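J.: Handing you this structure, nothing more for now.
Protein chains: 2
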Amino acid sequence: MEWTDVDLDNCSIARALAVVGSRWTLVVLREAFNGVRRFEDFQRHLGVSPSVLSQRLRGMTQDGLLERVPYREDGDRERHEYRPSEKAWDLYPVVVGLMQWGDRHLGDGDAPPVHLIDVNSGKPVIAALVPHDAPTCAPSDITVQVGDSLTILPPE
Amino acid sequence: MEWTDVDLDNCSIARALAVVGSRWTLVVLREAFNGVRRFEDFQRHLGVSPSVLSQRLRGMTQDGLLERVPYREDGDRERHEYRPSEKAWDLYPVVVGLMQWGDRHLGDGDAPPVHLIDVNSGKPVIAALVPHDAPTCAPSDITVQVGDSLTILPPE
DNA sequence: CAGTATCCGGTGCGATACTG
DNA sequence: CAGTATCGCACCGGATACTG
Numbered sequence: 084m085e086w087t088d089v090d091l092d093n094c095s096i097a098r099a100l101a102v103v104g105s106r107w108t109l110v111v112l113r114e115a116f117n118g119v120r121r122f123e124d125f126q127r128h129l130g131v132s133p134s135v136l137s138q139r140l141r142g143m144t145q146d147g148l149l150e151r152v153p154y155r156e157d158g159d160r161e162r163h164e165y166r167p168s169e170k171a172w173d174l175y176p177v178v179v180g181l182m183q184w185g186d187r188h189l190g191d192g193d194a195p196p197v198h199l200i201d202v203n204s205g206k207p208v209i210a211a212l213v214p215h216d217a218p219t220c221a222p223s224d225i226t227v228q229v230g231d232s233l234t235i236l237p238p239e
Numbered sequence: 084m085e086w087t088d089v090d091l092d093n094c095s096i097a098r099a100l101a102v103v104g105s106r107w108t109l110v111v112l113r114e115a116f117n118g119v120r121r122f123e124d125f126q127r128h129l130g131v132s133p134s135v136l137s138q139r140l141r142g143m144t145q146d147g148l149l150e151r152v153p154y155r156e157d158g159d160r161e162r163h164e165y166r167p168s169e170k171a172w173d174l175y176p177v178v179v180g181l182m183q184w185g186d187r188h189l190g191d192g193d194a195p196p197v198h199l200i201d202v203n204s205g206k207p208v209i210a211a212l213v214p215h216d217a218p219t220c221a222p223s224d225i226t227v228q229v230g231d232s233l234t235i236l237p238p239e
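Chains A and B, in that order, are what the protein sequence lines are. Under the numbering used here, think of the first position of the first sequence as 84, with each following residue one higher. Under the numbering used here, think of the first position of the second sequence as 84, with each following residue one higher.
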């Protein structure tokens, strides 16, 4: 069997892109990774129209990327929040890799606005190819540094 | 400054997706990473229509992902081949990450068809988040294993 | 506030036919 | 073989208006 026999029918990349290939999916995920949970917050941060956001949120929920969980604040009516699933967190390296690639090759000259820091070592974190038994950074080990302030990733 | 101030205007992910977000770009890149260079080969492997492929190839060339270099085989007329650029190779971790995610979460039950092996250690390679000074695997250190046979990545 | 319904435009993509 | 030109559809995403 040769590599060229691996066509699109059993190509995981094509399958993955069918799920996350849409232009908004990964940015919505980025928001969710950084703790955004509510419809309005997604909308304000992304500047996306409510209908598109609604569509995307539903699609991503159906695809198992987000979990739509009801909650109720005191005396308020029931709401829903959207939490990234395990399946979504497994995309974290891809999202980070994409961000770093954009920083390097599509930057507008400014310094990259966001850095990831490993809380254990204090070192910057990168997405890379490593042997499978190399020590890796779990999402909960990573803080997101924007400019001068520090934001800790919400424990999930 | 808070993280929420990082909107789409300076979001590297959105910028990156504007370039590689199209459904075909990353699969074309995967082919290129594995040594595919010629129009006909891309087309046969991907099963994509010539017009779409033509469009994609040109777009990716303009975006600096592919280099269109002329060559001539003995007695034949001039042809062109498409070689992945440095900028494209920098996407390798993203492509691999996407593939692994697809393998894990969208598999059809069969074993993942493709494995990456580090030629130095013989260990499987994964895309992951690591401290920036961790030892990583360069593309030239990686062989692509399909089923039982071994294919060595072309030195680039 | 948290969405949904509707309309509408751009384009990514497929199929086919054609050219050097 | 290596593409380009044309057509057409389907879908994505934007804007707006509306509902509980």
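Just so you know, even glycine gets a beta-carbon here, dropped at the ideal spot from N, CA and C. Here the structure is a predicted model, which means the values were calculated and not measured.
Check whether the Cβ atoms of residue 128 of chain B and residue 114 of chain B lie closer than 8 Å to each other.
T.: Yes, these two residues count as a Cβ contact at 8 Å.
J.: Between which two residues does the alpha helix (DSSP H) containing residue 160 of chain B stretch?
T.: Here residue 160 of chain B belongs to no alpha helix (DSSP H), and DSSP marks it neither H nor E.
J.: Take residue 126 of chain A and list the residues in its own chain whose beta-carbon comes closer than 7 Å to its own, dropping the five residues that flank it on each side.
T.: Excluding sequence neighbours, residue 126 of chain A sits near 133 and 136.
J.: Taking C-beta pairs closer than 7 Å, name the residues in chain A that residue 204 of chain B reaches, listed in chain order.
T.: Residues of chain A passing the Cβ test: 214.
J.: Within 8 Å, do at least three Cβ pairs link the stretch 201-214 of chain A to the stretch 154-165 of chain A?
T.: Taking 8 Å as the limit for Cβ pairs, the verdict is that the stretch 201-214 of chain A does not touch the stretch 154-165 of chain A.
J.: For my contact list, residue 100 of chain A and residue 98 of chain B are in at a C-beta cut-off of 8 Å; report their separation, rounded to the angstrom.
T.: Contact flag wrong, Cβ pair sits at about 18 Å.
J.: Would the stretch 161-170 of chain B count as touching the stretch 165-180 of chain A if we require 3 or more Cβ pairs under 8 Å?
T.: Segments in contact, no.
J.: Which residues, in order along the stretch 181-199 of chain A, keep a beta-carbon less than 9 Å from a beta-carbon of chain B?
T.: Listed in sequence order: 181, 182, 183, 184, 185, 186, 187, 188, 189, 190, 191, 193, 195, 196, 197 and 199.
J.: List, in chain order, every chain B residue whose beta-carbon is nearer than 8 Å to that of residue 132 of chain A.
T.: Correct list: empty, because the minimum Cβ distance to chain B is about 13 Å.
J.: Any C-beta of chain B sitting closer than 8 Å to the C-beta of residue 207 of chain A?
T.: Interface residue, yes.
J.: Between which two residues does the beta strand (DSSP E) containing residue 201 of chain B stretch?
T.: Start and end: 197-201.
J.: Suppose you measure from the CA of residue 140 of chain A to the CA of residue 177 of chain B; what does that come to, to the nearest Å?
T.: Looking at the two C-alpha atoms, the distance is approximately 23 Å.
J.: My guess is that residue 96 of chain A and residue 148 of chain B are in contact by the Cβ rule of under 8 Å, so how many angstroms apart are they, rounded?
T.: About 15 Å separates the two Cβ atoms, so there is no contact after all.
J.: Starting from the C-beta of residue 146 of chain B, find all residues in its chain whose C-beta is less than 6 Å away, skip the five residues before and the five after it, and write them out in chain order.
T.: If we look at residue 146 of chain B and ignore the five residues flanking it on each side, its Cβ neighbours are 102.
J.: Residues of the stretch 152-183 of chain A in Cβ contact with chain B at a cutoff of 8 Å, in chain order, please.
T.: Those would be 170, 173, 174, 175, 176, 177, 178, 179, 180, 181, 182 and 183, in chain order.
J.: Mind checking if residue 135 of chain A is an interface residue toward chain B, Cβ cutoff 8 Å exclusive?
T.: False, the Cβ-Cβ gap to chain B never drops below 8 Å.
J.: Rounded to a whole number of angstroms, what is the C-alpha to C-alpha distance between residue 271 of chain B and residue 153 of chain A?
T.: Nothing in the structure corresponds to residue 271 of chain B, since chain B is present only between 84 and 239.
J.: Output, in chain order, the set of chain B residues within a Cβ distance shorter than 7 Å of residue 219 of chain A.
T.: Near residue 219 of chain A (Cβ distances below 7 Å), the residues of chain B are 211, 212 and 213.
J.: Suppose you measure from the CA of residue 143 of chain B to the CA of residue 185 of chain A; what does that come to, to the nearest Å?
T.: Computed Cα separation, rounded: 15 Å.
J.: What does a CB cutoff of less than 6 Å around residue 155 of chain A pick up in its chain, not counting 5 residues either side in sequence?
T.: The answer, listed in chain order, is 161.
J.: What's the call for residue 195 of chain A, buried or exposed, on a 16-neighbour Cβ count within 10 Å?
T.: Classification for residue 195 of chain A: exposed.
J.: To the nearest angstrom, how far is the alpha carbon of residue 228 of chain A from that of residue 208 of chain A?
T.: Distance between the alpha carbons of residue 228 of chain A and residue 208 of chain A: 11 Å.
J.: Closer than 6 Å by C-beta to residue 89 of chain A: which residues in its own chain qualify, once you throw out the five before and the five after it? Chain order, please.
T.: For residue 89 of chain A, the predicted structure reports a pLDDT of 49, less than 50, and the residue's modelled location is therefore unreliable. The matter cannot be settled from this model.
J.: Would the beta-carbon of residue 210 of chain A be found less than 7 Å away from any heavy atom of the ligand MN?
T.: Questions concerning the ligand MN fall outside what the structure shown contains, since it holds no ligand whatsoever.
J.: Return the chain-ordered list of same chain residues with a C-beta closer than 7 Å to the C-beta of residue 108 of chain B, the five sequence neighbours on each side being excluded.
T.: These residues qualify, in order along the chain: 139 and 143.
J.: Please confirm if residue 120 of chain B has its CB atom under 8 Å from at least one CB of chain A.
T.: Chain A contact via Cβ: absent.
J.: What residues from chain A crowd round residue 110 of chain B, counting only those whose CB sits closer than 9 Å?
T.: Ordered by position in chain A, the residues that pass the 9 Å Cβ test against residue 110 of chain B are 91, 94, 96, 97 and 100.
J.: Could you tell me if residue 130 of chain A is buried or exposed, where buried requires 16 or more neighbouring beta carbons within 10 angstroms of its beta carbon?
T.: Residue 130 of chain A comes out exposed.
J.: For a test of the three-state rule: what should DSSP assign to residue 131 of chain A, helix, strand or coil?
T.: Coil.
J.: Should residue 175 of chain B and residue 222 of chain B be called a contact, given that it needs their Cβ atoms to be closer than 8 Å?
T.: Yes, the Cβ-Cβ distance between residue 175 of chain B and residue 222 of chain B is below 8 Å.
J.: Among the residues of its own chain, which have a CB less than 6 Å from the CB of residue 94 of chain A, if the five just before and after it don't count?
T.: Hits under 6 Å: none found.
J.: Give the DSSP bridge partners of residue 166 of chain A, in chain order.
T.: Residue 166 of chain A is bridged to A:150.
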